[in-house]
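The opening position of the sequence shown corresponds to residue 24 in this note's numbering, with each subsequent residue numbered one higher. In this text, a Cβ means the ideal position worked out from N, Cα and C, and glycines have one as well. Keep in mind that this is a model prediction, so the values were computed, not measured. Written below as structure tokens is the structure these notes are about.
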Amino acid sequence: MLRRPRRNRKSEVVRELVVETRLSKNDLIFPLFMVDGEHIKQEVASMPGIFRFSVDNLLEEINECMQLGIKTFCLFPAFEERLKDKYASVSSDPYNFYLRAIEKIKKEIPEACIMTDVAMDPYSSDGHDGLVENGEILNDETLEILAQMSLAQAKVGADILGPSDMMDGRIEYIREMLDDEGFSKVSIMSYTAKYASAFYGPFRDALDSAPKAGDKKTYQMNPANVKEALIEAELDEMEGADMLMVKPALSYLDVIKELSEVSNLPIAAYNVSGEYAMIKAADQKGWLDGEKTMLEVLLSIRRAGAKIILTYFAKEYAQLGL
Ligand code: PBG
Numbered sequence: 024m025l026r027r028p029r030r031n032r033k034s035e036v037v038r039e040l041v042v043e044t045r046l047s048k049n050d051l052i053f054p055l056f057m058v059d060g061e062h063i064k065q066e067v068a069s070m071p072g073i074f075r076f077s078v079d080n081l082l083e084e085i086n087e088c089m090q091l092g093i094k095t096f097c098l099f100p101a102f103e104e105r106l107k108d109k110y111a112s113v114s115s116d117p118y119n120f121y122l123r124a125i126e127k128i129k130k131e132i133p134e135a136c137i138m139t140d141v142a143m144d145p146y147s148s149d150g151h152d153g154l155v156e157n158g159e160i161l162n163d164e165t166l167e168i169l170a171q172m173s174l175a176q177a178k179v180g181a182d183i184l185g186p187s188d189m190m191d192g193r194i195e196y197i198r199e200m201l202d203d204e205g206f207s208k209v210s211i212m213s214y215t216a217k218y219a220s221a222f223y224g225p226f227r228d229a230l231d232s233a234p235k236a237g238d239k240k241t242y243q244m245n246p247a248n249v250k251e252a253l254i255e256a257e258l259d260e261m262e263g264a265d266m267l268m269v270k271p272a273l274s275y276l277d278v279i280k281e282l283s284e285v286s287n288l289p290i291a292a293y294n295v296s297g298e299y300a301m302i303k304a305a306d307q308k309g310w311l312d313g314e315k316t317m318l319e320v321l322l323s324i325r326r327a328g329a330k331i332i333l334t335y336f337a338k339e340y341a342q343l344g345l
């Protein structure tokens, strides 16, 4: 036998020499859930180890993560039902707790890189990402609401905006609004290929943001399609996105791979709530080694071609000190 691939696996040192993919905490973004109030730190039932924080406790959490080397945070608000309406009006109210919290975080921890979520669902009485009229999600009427929300987030210091709504044309609409208002430095990470997925279940529990009627299939993508993701990527590039995201990650590694091959923009992948919950549940039952599974999963997302990973495991990964 002239060729023996096992020679390259013979020791830890040799294995390290030939390693093709590395994971680093610099690649990770930590999604965090927020609620209004004080001294709140409630665990999300379906996401062990993940909490809904009021801003005081959130500042502490961000500080701890910064010490560990996690520097980018994607913040999601849980608004009370009574504040929601059809137009998601509270989303651009400068006095809403989410915007005030972002302002406070950027003031107290300016080195923290803050990513926000742009979509109507946490603020909408319909629980949809766009404006609902007679059961239909209106595209063009939603754009102005998203752009106003984006502007409000930029004004309080958001570093990266994450439009997660999947409306057509929203990247260009938001980019133009930001540039016209003097926020040309604010980045946009587009949720480019966001699939209509069952893996978002625990997230919707965390924010109480499930749609009141219908599903999200007229705007989020069909899990069967990959060419369509290439069209979305092409449009987002033309419309001025700085980074492209695929979501969820694990059932869509092929989509990550395809996008990373056709686009020169950095590709991100969102290792979503359900993907986190599955590993935690199996670990708690003693059916899987949670830590090893986490490492393998994160590595697989990098190997598929994602440079950036949004993951609820970010802090836990950093705590391993690898
Ligand atoms: C909503 C949004 C969702 C997630 C991020 N932004 C849920 C949805 O589209 O219903 C899911 C994230 C996760 O599951 O971790 N705009």
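{"Query": "Report yes if the CB atom of Ala-219 is closer than 7 Å to the CB atom of Lys-239, and no otherwise.", "Result": "yes"}
{"Query": "Can you give me the Cβ contacts of Glu-281 inside the same chain, cut-off strictly under 8 Å, excluding the 5 residues immediately before and after it?", "Result": "Val-249, Ala-252 and Leu-253"}
{"Query": "Taking 6 Å as the cut-off, is the beta-carbon of Phe-226 closer than that to any non-hydrogen atom of the ligand PBG?", "Result": "yes"}
{"Query": "May I have the straight-line CA-CA distance separating Asp-152 from Phe-226, to the nearest angstrom?", "Result": "14 Å"}
{"Query": "Quick one: residues in its chain with C-beta nearer than 8 Å to the C-beta of Met-317, no 5 flanking neighbours on either side, listed in chain order?", "Result": "Ile-302, Phe-336, Glu-339 and Tyr-340"}
{"Query": "With DSSP collapsed to three states, give me the class of Pro-28.", "Result": "helix"}
{"Query": "Could you tell me which residues DSSP puts in a beta bridge with Leu-161?", "Result": "Leu-154"}
{"Query": "Just to check, is the beta-carbon of Ala-142 closer than 6 Å to a non-hydrogen atom of the ligand PBG?", "Result": "yes"}
{"Query": "So which of Pro-71, Met-212, Asn-162 and Leu-311 has the shortest CA-CA distance to Asp-182?", "Result": "Met-212"}
{"Query": "According to DSSP, is Pro-246 helix, strand or coil?", "Result": "coil"}
{"Query": "Under 8 Å Cβ to Cβ from Ile-194, same chain only, skipping five residues before and after it: list those, please.", "Result": "Pro-186, Ile-211, Ser-213, Leu-258, Asp-259, Glu-262, Gly-263 and Ala-264"}
{"Query": "Got a sec, what are the start and stop residues for the alpha helix (DSSP H) Phe-226 sits in?", "Result": "224–230"}
{"Query": "According to the Cβ coordinates, are Pro-145 and Ser-69 closer than 7 Å?", "Result": "no"}
{"Query": "Using the Cβ count rule (16 or more neighbours within 10 Å means buried), how would you classify Arg-176?", "Result": "Reading off the sequence shown, one finds Gln at residue 176, where the question assumed Arg. Burial call: buried."}
{"Query": "Going by C-alpha distance, which of Asp-108, Val-41 and Cys-136 is nearest Glu-156?", "Result": "Asp-108"}
{"Query": "Please state whether the Cβ-Cβ distance between Tyr-242 and Met-268 is less than 7 Å.", "Result": "no"}
{"Query": "Can you list, in chain order, the residues of its chain with a C-beta nearer than 8 Å to that of Ile-63? Leave out the 5 residues immediately preceding and following it.", "Result": "Arg-75, Phe-76, Ser-77 and Asn-80"}
{"Query": "I need the straight-line Cα distance from Leu-311 to Leu-321, nearest angstrom please.", "Result": "16 Å"}
{"Query": "Just to check, is the beta-carbon of Tyr-223 closer than 6 Å to a non-hydrogen atom of the ligand PBG?", "Result": "yes"}
{"Query": "Using the Cβ count rule (16 or more neighbours within 10 Å means buried), how would you classify Lys-13?", "Result": "The requested residue 13 does not occur in the structure, where the chain is confined to residues 24 to 345."}
{"Query": "I'd like to confirm something about Asp-152: is its beta-carbon nearer than 6 Å to some heavy atom of the ligand PBG, or not?", "Result": "yes"}
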